[in-house]
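Student: Letter by letter, the sequence shown follows residues 1 to 401 in our numbering. C-beta atoms are modelled at their ideal positions from N, C-alpha and C, and glycine is treated no differently.
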Amino acid sequence: MAPLSLPPLRQVLAWATDQGMSVQGQLSEHQLAALERVFGGQEPWSFEHYEPLRAFGYALARLTLPDLPALLNVGDVLQALDELREGAVAAWPTHETVAESTFTELGYAATSASITRVRDSNSAAWREHAENNRQVLVRAAERAAGARAVVIGAGKLYDIPLRKLAERFEQLLLVDIDAAALADSVKQVGLEPRLQARLSLVQADVTGINDVFVERARDALGRDAELEVYEALLRLLHEYRLDEPPRLFPDGAMDGPPDFACSSMVLSQLATPLTQYVLERFARRFPTSERTHTREFQLALGQFSHRLQLAHVRSLLAAAPCIALSSDTTSRYTSLNAIGNVVEASTQLPLLGAPTLNALVPRLQARPVLAGQWEWRHVVPTRSKPHGRTVVVASVVADRC
Ligand SMILES: C[S@@+](CC[C@H](N)C(=O)[O-])C[C@H]1O[C@@H](n2cnc3c(N)ncnc32)[C@H](O)[C@@H]1O
Numbered sequence: 001m002a003p004l005s006l007p008p009l010r011q012v013l014a015w016a017t018d019q020g021m022s023v024q025g026q027l028s029e030h031q032l033a034a035l036e037r038v039f040g041g042q043e044p045w046s047f048e049h050y051e052p053l054r055a056f057g058y059a060l061a062r063l064t065l066p067d068l069p070a071l072l073n074v075g076d077v078l079q080a081l082d083e084l085r086e087g088a089v090a091a092w093p094t095h096e097t098v099a100e101s102t103f104t105e106l107g108y109a110a111t112s113a114s115i116t117r118v119r120d121s122n123s124a125a126w127r128e129h130a131e132n133n134r135q136v137l138v139r140a141a142e143r144a145a146g147a148r149a150v151v152i153g154a155g156k157l158y159d160i161p162l163r164k165l166a167e168r169f170e171q172l173l174l175v176d177i178d179a180a181a182l183a184d185s186v187k188q189v190g191l192e193p194r195l196q197a198r199l200s201l202v203q204a205d206v207t208g209i210n211d212v213f214v215e216r217a218r219d220a221l222g223r224d225a226e227l228e229v230y231e232a233l234l235r236l237l238h239e240y241r242l243d244e245p246p247r248l249f250p251d252g253a254m255d256g257p258p259d260f261a262c263s264s265m266v267l268s269q270l271a272t273p274l275t276q277y278v279l280e281r282f283a284r285r286f287p288t289s290e291r292t293h294t295r296e297f298q299l300a301l302g303q304f305s306h307r308l309q310l311a312h313v314r315s316l317l318a319a320a321p322c323i324a325l326s327s328d329t330t331s332r333y334t335s336l337n338a339i340g341n342v343v344e345a346s347t348q349l350p351l352l353g354a355p356t357l358n359a360l361v362p363r364l365q366a367r368p369v370l371a372g373q374w375e376w377r378h379v380v381p382t383r384s385k386p387h388g389r390t391v392v393v394a395s396v397v398a399d400r401c
């Protein structure tokens, strides 16, 4: 059971209000006072508080104080928000299985195929990223104790050091929602029977909610009037709440709990099929509507995605005493200029609920021991295709507190 985050957050909000804390352009004293009232139970939660809350969590993590205020980060404040909502909304059921229809509707197989296409057209840049990512996982696996490990998002095995992990662990469970892609990737690596015998492959939805989300979204989208549909979808996004972090794999998939759990390049993508589903289906039903562009809806999508990301971090921590996590954190578009140099074509677009990966791993629950960061030229612009994309990838290895 993870330590409660709500009481320490209340304490820290009171401290910050006393200090007259503010963060320029992100958190005013007025907004801070409102947060104190909301988390003190005097006012209900509203989407308006979400951005100030995240700014507050990030400001705390950057304080150089030895004690409580600086011991909370964005992960902790998001967890406190979950705890605050406990009495207000019912917990969603979670299942690690996923229905075939949900798998198809959310387009997972198509996403896997497109990963292969992009990799094949950008192989040198992908190799560089894969090398960085593999090194993180090898170093993390070396410092983890025990003989059992689980890898989440194993999928294509492009950035996972399968052989080294199979040499290191006697039982290695590979988890992905795309079972066919996973089986095919393992076959292509072609481990010798001794190492192959250590592997188990399992299909699981690590969000735990794909089926229930699609079912509820379908219900919301089936209403009559545009406003009714919009409001039902908003409610759906706001009412996401789990009692416990979702399980990463079904019972019996391993002989015992894993000693090491890693999640490789999955975190930023967990919510995407769900938020895309909502946006695409809404646009299909109401092609001229701009309602989903409202600030309220965009914030609801962001808040939902970030809370789902936190739930994944918590799932890892619930599963194993040592975790490794890698994810793209920001993305920017690139292009080729007139003399053929790669130049930036957009600002950095955030992909996670916290400005850094570290800040999303709740400090009250984990102690980070290694961190890394690199750029991955995901799509390299060329003369024939001059638009590219570069992401910043971060990694964190942490021990459960
Ligand atoms: C960008 S890929 C990660 C790359 C992978 N680490 C590799 O080496 O190829 C993301 C992977 O996460 C899987 N995935 C996405 N959502 C998932 C979910 N809800 N549950 C389990 N796996 C998921 C995808 O099928 C895909 O294989």
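(1) Quick check: is any heavy atom of ligand 1 less than 8 Å from the C-beta of residue 269?
(2) In terms of alpha-carbon separation, which member of 68, 64, 29 and 31 lies closest to residue 6?
(3) From this set, 114, 166, 202 and 212, which residue's C-alpha is nearest residue 190's C-alpha?
(4) With a CB to CB cut of under 8 Å and the five nearest residues on each side skipped, what residues in its chain are close to residue 296?
(5) Quick check: the Cα distance between residue 268 and residue 11, rounded to an integer number of angstroms?
(6) Mapping the DSSP letters down to three states, classify residue 387 as helix, strand or coil.
(7) Among 26, 33, 25 and 140, whose alpha-carbon lies nearest the alpha-carbon of residue 18?
(8) Rounded to whole angstroms, how far is the Cβ of residue 282 from the Cβ of residue 275, which I believe are closer than 8 Å?
(9) With DSSP as the reference, please indicate the residues paired to residue 55 in a beta bridge.
(10) Grab me the residues of residue 253's own chain with a C-beta within less than 7 Å of its C-beta, minus the 5 sequence neighbours each way, in chain order.
(11) Which first and last residues belong to the beta strand (DSSP E) in which residue 23 is found?
(12) Could you check what DSSP says for residue 75 in three-state terms: helix, strand or coil?
(13) Nearest-angstrom Cα distance between residue 152 and residue 219?
(14) Ignore the nearest five residues each way along the sequence and tell me which others in residue 160's own chain have a CB closer than 8 Å to its CB.
(15) Cα-Cα, which of 388, 279, 382 and 392 is closest to residue 376?
(16) Report whether the distance from the Cβ of residue 207 to the nearest heavy atom of ligand 1 is below 8 Å.
(17) To the nearest angstrom, how far is the alpha carbon of residue 339 from that of residue 194?
(18) Taking only runs that begin and end inside the stretch 152 to 195, name each unbroken alpha helix (DSSP H) of 4 or more residues, in chain order.
(19) With DSSP run on the structure shown, which of helix, strand or coil describes residue 377?
Tutor: Considering the structure as presented:
(1) yes
(2) 68
(3) 166
(4) 47 and 234
(5) 31 Å
(6) strand
(7) The shortest Cα separation from residue 18 among 26, 33, 25 and 140 belongs to 33.
(8) With a Cβ gap of about 11 Å, residue 282 and residue 275 do not count as contacting.
(9) DSSP lists no partner for residue 55.
(10) Contacts found: 173, 200 and 202.
(11) It is not in any beta strand (DSSP E) - residue 23 carries neither H nor E in the DSSP assignment.
(12) helix
(13) 30 Å
(14) Cβ within range, chain order: 133, 134, 137, 151, 154 and 264.
(15) 392
(16) yes
(17) Straight-line measurement puts the Cα of residue 194 at about 53 Å from the Cα of residue 339.
(18) 162 to 168 and 179 to 189
(19) strand
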